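K.L.:
Have a look at this one.
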DNA sequence: TGAAATAAGGACATGTTAGTCTTTATTTTT
DNA sequence: AAAAATAAAGACTAACATGTCCTTATTTCA
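Protein chains in written order, with this note's numbering: chain A, 1 to 144; chain B, 145 to 288.
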């Protein structure tokens, strides 16, 4: 579904968001520990998120990553996915045909459509805030 | 979503099925031509399908692949997927957590659940016959 | 029986994703 | 100003998915 990089990105972003509501910045080291992801690899994906303007980064001692809390309901999961994987996840033909479309559908097209649509809706309509509140309240988890 | 191998497998199986309703066997060469997939790679996936009992293979001149037409409504897409990719497609946590479950959900779990469920239902309930009829009638396509 | 047509099998090649390591840049603290 | 703590950047490596090639086995046909 999502690439590893994208999974880490979403997990990391949620963690950074949770810290940001407490007014704290989080270091790469802490993120990868709490999100259970490889440090150096996670660094790469965070750089992309930072360049895409989804997270803010600060170098130096007491630096790290954070997110403007007032933005957290505006940031959608789709933005993270787009920054890392692109939108092919929910646009691509399920059977891999380049030319699959409403006019020229693959045999699976019609049946698969609601799944893809649903996925797209969910990803475009759930905000970072939505995902973060459960983590803050302790009802959801980012690692074992 | 599905691996390339699995996409080819589904396309190939539908094509073989369409030929089988006409009482014909199809050679590997013809399959990969009509389904637009690399010959040798497709051979591998067909071997798996054959070993899984989803398709029948016959060696030698006038050999090839076919499917018992009376089985075509019993064979579900999920069987093909299972034979090639396994069932992780619709079982795996969307954020990659090994320990994600109803009791210990990731932040995306609840929202993602209907998508996964839907996908699983569709894949388990659409039969090979379902996918083949459109191809036979000319309303769906397996390549450009 | 020999040749041709096919699938099966295994070794190899290529490409992409995932991941590491090292150096550099920036900021804060002392 | 120097040291420490951090992120950024780029080169490198590893693992896996995708794909090719060659040889072998089986079947049919002339």
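The beta carbon of each residue, even a glycine, is placed where N, CA and C say it ideally should be.
Just so we're clear, the structure is a prediction, and the values are computed from it rather than from any experiment.
Where does residue 141/A fall in DSSP's three states?
P.N.:
Three-state DSSP puts residue 141/A in coil, outside helix and strand.
K.L.:
Just checking: is the beta-carbon of residue 60/A within a distance shorter than 8 Å of some beta-carbon in chain B?
P.N.:
False, the Cβ-Cβ gap to chain B never drops below 8 Å.
K.L.:
Find the residues of chain B that neighbour residue 91/A, judging by a C-beta separation of less than 9 Å, and give them in chain order.
P.N.:
Those do not exist, as residue 91/A stays about 11 Å from chain B at its closest Cβ, beyond 9 Å.
K.L.:
Counting only runs that start and end within the region 185 to 272 of chain B, where is the alpha helix (DSSP H) found for 4 or more residues in a row?
P.N.:
Fully enclosed alpha helix (DSSP H) runs of 4 or longer: 221 to 228, 253 to 269.
K.L.:
Would you call the region 226 to 233 of chain B in contact with the region 179 to 186 of chain B, where contact means no fewer than 3 C-beta pairs closer than 8 Å?
P.N.:
no
K.L.:
Tell me which residues share the same chain as residue 77/A and place their Cβ nearer than 6 Å to its Cβ, disregarding the 5 neighbours each side in the sequence.
P.N.:
123, 126
K.L.:
So which residues on chain B does residue 115/A lean against when the C-beta distance must stay under 7 Å?
P.N.:
259, 262, 263, 266
K.L.:
Taking a contact to mean a Cβ-Cβ separation below 8 Å, would you say residue 48/A touches residue 83/A in this structure?
P.N.:
yes
K.L.:
In terms of residue numbering, what span does the alpha helix (DSSP H) encompassing residue 20/A cover?
P.N.:
Under the DSSP assignment, residue 20/A falls in the alpha helix (DSSP H) whose first and last residues are 4 to 21.
K.L.:
Which residue marks the beginning of the alpha helix (DSSP H) containing residue 29/A, and which one marks its end?
P.N.:
28 to 35
K.L.:
Alpha carbon to alpha carbon, what distance is there between residue 145/B and residue 14/A?
P.N.:
24 Å
K.L.:
Is there a Cβ of chain B sitting closer than 8 Å to that of residue 99/A, yes or no?
P.N.:
yes
K.L.:
Residue 25/A and residue 66/A - do their beta-carbons sit closer together than 8 Å?
P.N.:
yes
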